[in-house]
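Take a look at the structure below.
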Amino acid sequence: MKIQFIDTNLLTRGRLEVAITRAESPLLFWVQLKSGWNDLMELEEALNLRMPQRSAHLHIGPENMKENMDVAVKDFRIWRRGFIKEINKTTLMVQVILGDWGRTTWCRMSDVYLLEDRFKNLSWQGIMCGLAHTGPPHQHHHLARRNQKPLLDVPFPARWMDQHNPSLAKGSRLS
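Under the UniProt record's numbering, the first residue of the sequence shown carries the number 1, and numbering increases by one thereafter.
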């Protein structure tokens, strides 16, 4: 079973209450829907109760690690779920994307554990968002009238979107 991203095409086009969890740049940031907050907190609480007991049985050997594998890692003393983005066998380090939080972390291979199926039922709660048509308001109105071109359209980086939120990679945007 693979954890899926929230399909943003299925979300309402009206207002949604969200919490910004990470800002990568002024135009690119991660949010969580407030409607899913309780589910995520319950999942992380269960994960933090389960992993201290089961982590010895869920260790993944370096030869069994694969990119895009769902895993559990400790992030600032809290167990979180994520997926492997990159494996560096020279340094024995693994880059893990924490899909619920929009964060990337590097871990030693010995600190990466198999994520049990019971923790894969909830989709990734992090949603990557971007802003288009942004900039100083007065300057753009003047330029738009003079040049008769769109104000500014910043497309999402395609490779990043394909890897981290396929539903947004198809060209959809949150309003």
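Note that CB positions come from ideal geometry on N, CA and C, so glycine has one too.
Item	Value
Sequence-distant residues of its chain with Cβ nearer than 8 Å to I78 (five each side left out)	E44, N48
Ordered list of beta strand (DSSP E) runs contained in the UniProt domain "Tudor" (17-132), each at least 3 residues	18-25, 28-33, 70-75, 78-88, 93-98, 103-108, 112-114, 126-130
Contact under 8 Å by Cβ, I20 with S123	no
Classification of F83 by the beta-carbon crowding that lies within 10 angstroms, buried from 16 upward	buried
Meets three-Cβ-pair contact criterion under 8 Å: the segment 51-58 and the segment 13-27	no
Whole-angstrom C-beta distance between L92 and R80, which should lie under 8 Å	Actually they are not in contact, since the Cβ atoms of R80 and L92 sit about 21 Å apart, beyond 8 Å.
Environment of E128 [buried if 16+ CB atoms lie within 10 Å]	It should be pointed out that residue 128 corresponds to Met in this sequence rather than to Glu. Per the 10 Å Cβ criterion, buried.
From H133, V112, D7, residue whose alpha carbon lies closest to that of K74	V112
Proximity test, Cβ basis, 8 Å: R108 and chain B	Among the chains in the structure shown there is no chain B, since it carries only a single protein chain.
Buried or exposed by the 16-neighbour rule on C-beta atoms within 10 Å, applied to A132	exposed
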